């Protein structure tokens with residue numbers, strides 16, 4: 357890893373410039389705003405004020421976890437199924453998974469809204485067959501549904517890409533040695549696809565925790581998630597400092613969650629093709 | 037909507053005479069205007085306006101920006117925002133130089149106070165004489181130096197007459213337990229708090245914390261009957277009949293009524309909010325003269341008429357009101373008769389402390405009712421499972437290492 361040629365450095369430079377400009381510089385600004393007041397003097401007031409928002413943070417994390425678990429449970433069999441089918445079928449299926457991502461997140465959220473609205477398509481149908489309208493929108497369930505729907509492809513894709521690279525000889529060997537189907541899944545396939553699962557979890561959990569749009573539209577604005585509170589601080593009360601402090605803590609919390617997750621990635625370098633290193 | 041076709045024809049005819057129209061209204065400056073157009077042709081202006089807040093050529097209406105470009109040769113770069121606050125944040129951050137912004141009253145007051153606006157040279161805006169006197173000398177710009185009124189609106193209560201029978205004209209309808217789960221409230225703190233404050237008879241511009249707390253308690257009480265807190269999704273919910281009662285802007289009500297004739301509207305007797313959105317020129321403007329020509333263009337009869345027909349907001353332009361072709365001129369909601377005119381109150385800019393208080397109370401309102409212990413238990417369970425998994429994982433790893441060591 358020591359030898360980096362000049363050309364390698366040159367090739368990396370666009371990304372380094374990009375990161376410094378759009379990732380590191382904004383992060384420094386967030387940290388700066390968190391620890392200063394409106395006049396630019398050092399203060400810890402913003403951090404202290406955060407205790408008012410404990411429940412908001414916990415609620416957001418809870419919904420994030422819930423959405424992630426549901427995504428995982430739905431996505432794993434789907435990805436497995438796709439990875440095991442014929443090559444041509446595979447590409448069609450993957451395209452179907454990606455298809456919703458070609459429309460904007462806002463449009464997708466709005467369509468869910470009109471589906472589960474009290475007088476929406478589903479409820480109109482339920483009413484006709486006599487089950488009666490069910491309260492679906494403006495419930496926590498609707499928010500989680502929105503998260504799952506919007507972020508599911510981010511779970512399927514990394515798991516799928518790991519599973520396609522899985523060496524089938526290992527599975528066959530396990531069968532030859534007398535392992536049952538369940539044992540093969542638990543002892544061979546699952547551990548080998550761990551890197552895909554982990555990057556999937558990261559890519560679903562992070563946007564779920566910080567979303568504000570989904571909870572606003574599908575939750576009816578009834579429960580504030582932390583993304584909404586941050587947006588309010590920046591947009592409504594122009595309190596950049598408190599908003600930045602909230603974002604900083606959210607970032608730290610997500611990092612902690614990720615650190616715990618990484619504990620499971622194991623020391624052995626799996627030949628994973630996950631989207632995360 | 038069919039009126040538009042004939043209107044469009046009229047507009048096209050009128051447009052071709054627009055130069056003549058200028059000549060009629062301002063004979064002295066017309067030639068100078070033409071000279072200015074020539075001089076500034078090829079330059080561009082950056083216009084920053086509310087979303088859906090100009091006649092943009094859809095449904096056969098006039099495309100105002102395109103017409104301006106055709107007339108003057110000045111290019112219009114048009115971008116939009118959703119809230120006054122978003123516009124303010126953008127202006128304050130200095131990320132982009134705008135030549136035209138169209139904020140509401142209280143935001144103009146704030147922008148003037150903080151020195152973000154510059155004085156307009158009214159010599160370049162002969163059409164300013166089209167503005168009605170009642171929309172001059174407004175509180176946020178008493179000398180008429182910084183702003184030119186664009187649209188006027190009021191907030192009222194909308195209800196679906198198939199679900200709500202003959203309500204009293206009061207804000208208390210939005211607290212009525214009979215309609216539990218069918219009421220929509222604003223999802224922005226200023227308008228949301230105002231509904232409670234008007235009902236309680238509190239001045240909406242108060243800086244007194246106790247009064248804000250009082251309004252807050254009122255909103256907490258309302259939360260039990262509120263279906264959801266909404267912004268633009270209100271159109272869907274009211275038009276489809278998902279909700280029965282809401283409060284919103286009069287112009288938007290008329291748009292909803294087009295799609296659902298069962299919707300009715302009233303101005304509450306306790307009083308309501310009136311707002312004026314006015315055209316301003318930020319200090320950062322790079323092309324002030326062209327911006328003034330643009331304002332002048334927006335104030336001309338045919339453009340203002342096209343906007344009024346398209347936007348359904350009340351216009352402060354007297355040539356439009358006097359125009360017989362204006363389909364909404366007798367609309368009693370946009371232009372109530374003197375005796376029906378509700379008590380109205382403008383929003384004023386709040387100081388930073390009150391703004392902070394308002395946002396805090398608003399997010400407390402949202403959190404209120406989500407049981408706290410439940411989330412602790414849930415997360416505790418998750419943490420416990422995680423911990424067990426970690427221990428299990430470590431033990432397994434150790435065992436395996438031992439196995440290999442041997």
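Residue numbers (my numbering), protein chains in the order written: chain S, 357 to 633; chain L, 37 to 442.
We put the CB at the ideal spot given by N, CA and C, even for glycine.
Keep in mind that this is a model prediction, so the values were computed, not measured.
Legend entry - Residue nearest to residue 194 of chain L in terms of C-alpha spacing, selected from L:260, L:273, L:243, L:163: Within the second chain, the letter at position 158 stands for residue 194 of chain L. If we check each option's Cα against that of residue 194 of chain L, L:273 comes out closest.
Inset, instruction - State yes or no: is the beta carbon of residue 250 of chain L nearer than 8 angstroms to at least one beta carbon in chain S? - result: Along the second chain, read from residue 1 onward, the residue named residue 250 of chain L stands at position 214. It does not; no Cβ of chain S falls within 8 angstroms.
Legend entry - For residue 302 of chain L, three-class secondary structure by DSSP: For the purposes of this step, residue 302 of chain L is taken as the residue at position 266 of the second chain. The answer is strand: DSSP assigns residue 302 of chain L an E or B state.
Inset, instruction - Look at the alpha carbon of residue 431 of chain S and the alpha carbon of residue 511 of chain S, and state the distance between them as a whole number of angstroms. - result: Your numbering for residue 431 of chain S matches position 75 in the first chain. Your numbering for residue 511 of chain S matches position 155 in the first chain. Approximately 6 angstroms, taken between the alpha carbons.
Inset, instruction - May I ask you to list, following chain order, the residues of the stretch 588–601 of chain S that have a beta carbon less than 9 angstroms from some beta carbon of chain L? - result: 588, 589, 590, 591, 592, 593, 594, 595, 596, 598
Inset, instruction - Tell me the start and end of each unbroken beta strand (DSSP E) in the stretch 211–272 of chain L that is at least 3 residues and wholly inside, in chain order. - result: 219–222, 262–266
Legend entry - Whole-angstrom distance between residue 554 of chain S and residue 182 of chain L, CA atom to CA atom: Locating residue 182 of chain L in the second chain gives position 146, where the first residue counts as 1. Locating residue 554 of chain S in the first chain gives position 198, where the first residue counts as 1. Going by the C-alpha atoms only, they are around 56 angstroms apart.
Inset, instruction - Quick one: which residues of the stretch 528–552 of chain S get their C-beta closer than 8 angstroms to a C-beta of chain L? List them in chain order. - result: none
Inset, instruction - List the residues of chain S that residue 264 of chain L touches, going by C-beta distances under 7 angstroms, in chain order. - result: One-based indexing of the second chain puts residue 264 of chain L at position 228. Within chain S, the residues near residue 264 of chain L are 494, 576, 577, 578.
Inset, instruction - Determine the contact status of residue 225 of chain L and residue 395 of chain L, defining contact as a CB-CB distance below 8 angstroms. - result: Counting from 1 along the second chain, the entry for residue 225 of chain L is found at position 189. Counting from 1 along the second chain, the entry for residue 395 of chain L is found at position 359. Against a cut-off of 8 angstroms, the Cβ pair of residue 395 of chain L and residue 225 of chain L comes out as a contact.
Legend entry - residue 403 of chain S and residue 542 of chain S closer than 8 angstroms at C-beta: The residue labelled residue 403 of chain S in the question sits at position 47 within the first chain. The residue labelled residue 542 of chain S in the question sits at position 186 within the first chain. No, these two residues do not count as a Cβ contact at 8 angstroms.
Inset, instruction - Please determine if the stretch 577–590 of chain S and the stretch 423–430 of chain S are in contact, where contact requires at least 3 C-beta pairs separated by less than 8 angstroms. - result: no
Inset, instruction - May I ask you to list, following chain order, the residues of the stretch 406–430 of chain S that have a beta carbon less than 8 angstroms from some beta carbon of chain L? - result: 408, 409, 411, 412, 414, 415, 417, 418, 421
Legend entry - CB contact below 8 angstroms: residue 616 of chain S versus chain L: Numbered from its first residue, the first chain carries residue 616 of chain S at position 260. Answer yes: the Cβ-Cβ gap between residue 616 of chain S and chain L drops below 8 angstroms somewhere.
Legend entry - chain L within 8 angstroms of residue 629 of chain S, Cβ atoms only: Position 273 of the first chain, counting from 1, holds the residue named residue 629 of chain S. The predicted position of residue 629 of chain S is uncertain, since its pLDDT is 42 and thus under 50; a value taken from the coordinates is nonetheless stated next. Answer no: the Cβ-Cβ gap between residue 629 of chain S and chain L never drops below 8 angstroms.
Inset, instruction - Whole angstroms is fine: what's the gap from residue 158 of chain L's alpha carbon to residue 72 of chain L's? - result: As a position in the second chain, residue 158 of chain L is number 122, starting the count at 1. As a position in the second chain, residue 72 of chain L is number 36, starting the count at 1. About 14 angstroms.
Inset, instruction - Could you have a look at residue 153 of chain L and say whether DSSP puts it in helix, strand or coil? - result: Taking the second chain and counting its residues from 1, one reaches residue 153 of chain L at position 117. Strand.
Legend entry - For residue 278 of chain L, three-class secondary structure by DSSP: Residue numbering aside, residue 278 of chain L sits at position 242 when the second chain is read from its first letter. Residue 278 of chain L falls in the coil class under three-state DSSP.
Inset, instruction - Confirm, please, whether the CB-CB distance from residue 412 of chain S to residue 604 of chain S is below 8 angstroms. - result: Position 248 of the first chain, counted from the start, is the residue given in the question as residue 604 of chain S. Position 56 of the first chain, counted from the start, is the residue given in the question as residue 412 of chain S. Contact: no.
Legend entry - Which listed residue (L:312, L:412, L:121) has its alpha carbon closest to that of residue 391 of chain L: Start at 1 with the first residue of the second chain, and residue 391 of chain L comes out as number 355. Per the Cα distances, L:121.
Inset, instruction - Note down, in chain order, each residue of its chain lying with its Cβ closer than 7 angstroms to the Cβ of residue 325 of chain L, except the 5 sequence neighbours on either side. - result: As a first step, residue 325 of chain L is located in the second chain; it is residue number 289 there, counting from the start. Around residue 325 of chain L: 72, 76, 160.
Legend entry - Neighbourhood of residue 298 of chain L by C-beta, 8 angstroms cutoff - its chain only, sequence neighbours within 5 removed: For this step, residue 298 of chain L is matched to residue 262 along the second chain. Closer than 8 angstroms at Cβ, skipping near neighbours: 196, 197, 198, 277.
Legend entry - Residue closest to residue 289 of chain L, alpha-carbon to alpha-carbon, out of L:192, L:319, L:253: The count along the second chain starts at 1 and reaches residue 289 of chain L at position 253. Of the candidates L:192, L:319, L:253, the one whose C-alpha sits nearest the C-alpha of residue 289 of chain L is L:192.
Inset, instruction - Would you kindly report the start and end of the unbroken alpha helix (DSSP H) that includes residue 465 of chain S? - result: Translated into positions along the first chain, residue 465 of chain S becomes position 109. Unbroken alpha helix (DSSP H) run through residue 465 of chain S: 461–472.
Legend entry - Buried versus exposed, by CB contacts within 10 Å (16 or more), residue 258 of chain L: For the purposes of this step, residue 258 of chain L is identified with residue 222 of the second chain, where counting begins at 1. Classification for residue 258 of chain L: buried.
Inset, instruction - Anything in chain L within Cβ reach of residue 585 of chain S, meaning under 7 angstroms, just list it in chain order. - result: Numbered from 1 along the first chain, position 229 holds the residue referred to as residue 585 of chain S. Chain L residues near residue 585 of chain S: 399.
Inset, instruction - May I ask you to list the residues that DSSP assigns as paired with residue 136 of chain L? - result: Reading the second chain from its first residue, position 100 is the one you call residue 136 of chain L. In DSSP, residue 136 of chain L forms a bridge with L:83.
Legend entry - Cβ of residue 620 of chain S within 8 angstroms of any chain L Cβ: Taking the first residue of the first chain as 1, we reach residue 620 of chain S at position 264. Interface residue, yes.
Inset, instruction - Whole angstroms is fine: what's the gap from residue 11 of chain L's alpha carbon to residue 267 of chain L's? - result: Because chain L here runs from 37 to 442, residue 11 of chain L falls outside it and cannot be looked at.
Legend entry - Residues of the stretch 454–473 of chain S with Cβ closer than 8 angstroms to any Cβ of chain L, in chain order: 466, 469, 470, 473
Inset, instruction - Quick one: grab the DSSP three-state call for residue 396 of chain L. - result: In the second chain, the residue the question calls residue 396 of chain L occupies position 360. Helix, per DSSP.
Inset, instruction - Just list the alpha helix (DSSP H) runs in the stretch 365–394 of chain S, keeping only unbroken ones of 4 residues or longer that don't cross its boundaries, in chain order. - result: 381–390
Inset, instruction - Give the residues of chain S in contact with residue 276 of chain L, contact being defined as C-beta atoms less than 7 angstroms apart. - result: On the second chain, position 240 is the one that residue 276 of chain L refers to. Result: 473, 475.
Inset, instruction - Kindly list the residues whose CB is nearer than 7 angstroms to the CB of residue 236 of chain L, restricted to its own chain and excluding five residues on each side of it in sequence; keep chain order. - result: Locating residue 236 of chain L in the second chain gives position 200, counting from the first residue. If we look at residue 236 of chain L and ignore the five residues flanking it on each side, its Cβ neighbours are 250, 251, 254.
Inset, instruction - Run the CB neighbour count on residue 514 of chain S, radius 10 Å, all protein chains shown included, and call it buried at 16 or more, exposed below. - result: Working through the first chain from its first residue, we reach residue 514 of chain S at position 158. Buried, because 16 or more other Cβ atoms sit within 10 Å of the Cβ of residue 514 of chain S.
Legend entry - Listed by chain order, chain S residues near residue 132 of chain L by CB distance under 7 angstroms: Locating residue 132 of chain L in the second chain gives position 96, counting from the first residue. Result: empty, since nearest Cβ-Cβ is about 17 angstroms, beyond 7 angstroms.
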